Structure formats: C-alpha cells, structure tokens
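Here the structure comes first, spelled out in structure tokens, and everything after it is commentary.
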Amino acid sequence: MRVLHVAAVLASCGMPMPAIAQDEATWASRLDYTLNESRDKPIVCKQGDIERHAGQTLAQVFAEKWPVQPEPLPGSERVQAQATRAIRPRGAMRGMPVQPGIVVFAVLVDENGEPVQAEVLCASTEGYDKYAMRIALQSQYKPALVNGKPVTSVVVHVQKFAGGAG
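Just so we're aligned: the sequence shown equals residues 503 to 668 in the numbering used here.
Encoded structure:
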C-alpha cells in the first residue's frame, strides 16, 4: 500500500525524512487530487510531529464536502487545484509563538476556486494552527479541472513560520 507522507513534504523544507524507504513514500505535495485514488491515502506525519488527523485519509477529513471526482477520460485535460495568491490578513500573525515552526495543511477548494474548508494535518510545534488556517481560508485559488471542467479538490500546502511576531 502506498502512503501519503506529509512528512516527506516537511523533508522538502529541510526537515529530516522518517526512516522509511524512499520508494515507499508518496509525498503529499506530489499527489494528484484530481484522481480519486489519492483521496484514500492515509495521512502520515514525520515522526515527532503533531498529527491532527492521525490514521485518517483526506476523504475522511473532508467527508461529504469533497465529492468523488469524475474519472478522467484518456487524453483529457486534468489540472490540480492551486493557490494563486497567499493572503496574510493584517494582524493575522499577532500573538504568534516565539519559536519557529512548520505547518502542513490541506485546503478544500470548490469548483469556483473558493476555499471551503482548511485542515491542519501536521505541525512541527504547537501554536501555529490558527495562523495557518487564516492564511488558507483567505488566500485565492484556481479550481482543479477534470475533463476540462472545474471540480472540488484539495491543495496541500507547507507553511513555514519564523516565530517571534509580537
């Protein structure tokens, strides 16, 4: 079974990979959420990280808000949802923890490119979840396309926080 390794995404940010074979890892940032098979990959965080949805899949996390995608037709257009503009609301970082941290979160983006729901998956330290959620829900997105038509899909994002904001 291939596993969704959010931990591997952290490795791309300079965090060490957990002790697993490289070919077993399926990085969250490399999964194509326009494919239904990606919905059911278990969420796995780097050893030592805080897991917000231990043992669940993204399909379970977003439940009925994330309908099953239409199956892509051979040769048809398929484009993953993507953030087009990260928005950091004024004052959003007030009260942020002193220590730096990394948060991996998933955003459910509807067929109009609107963020429907955001969920923190993993965190290297406590205290950044609400800041990541504010950024996720106020940012702008392009919807995923399957067979050339917009669909509701997921974007997984890694957010680094420097810490120390007053």
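Backbone N, C-alpha and C define an ideal beta-carbon position, used for all residues, glycine too. Since this is a predicted model, take the numbers as computed values, not measurements.
Selected residue, minimal CA-CA separation from residue i, among the options
i: Y601; options: N538, K662, Y535, E539; result: Per the sequence shown, residue 601 should be read as Gln rather than Tyr. Residue K662 is the option with its Cα nearest to Q601.
i: T536; options: A664, T654, I552, K644; result: T654
i: R636; options: K548, F607, A565; result: F607
Cβ-Cβ distance between residue i and residue j below 8 Å
i: G603; j: S578; result: no
i: V581; j: V605; result: no
i: V648; j: P569; result: no
i: C624; j: D551; result: yes
i: Y643; j: Q584; result: yes
i: Q571; j: N614; result: no
i: S641; j: R587; result: yes
i: V611; j: K567; result: no
Coil, strand or helix - residue i by DSSP
i: I589; result: coil
Nonlocal neighbours in the same chain, by C-beta distance under 6 Å from residue i, ignoring five residues either side
i: D631; result: V622
i: A638; result: F607, V609, A620
Cβ neighbours of residue i in the same chain (closer than 7 Å, five flanking residues each side left out)
i: G665; result: M598, P599, V600, Q601, P602, G603
Min CB distance residue i to chain D below 8 Å
i: P576; result: Within the model displayed, chain D is absent; a lone protein chain is all it includes.
Cβ neighbours of residue i in the same chain (closer than 8 Å, five flanking residues each side left out)
i: V657; result: Y535, Q582, A583, Q584, A585, A608, V609, V611, Y643
i: Q558; result: P544, I545
i: P645; result: A583, V611, D612, E613, N614, G615, P652, V653, T654, S655
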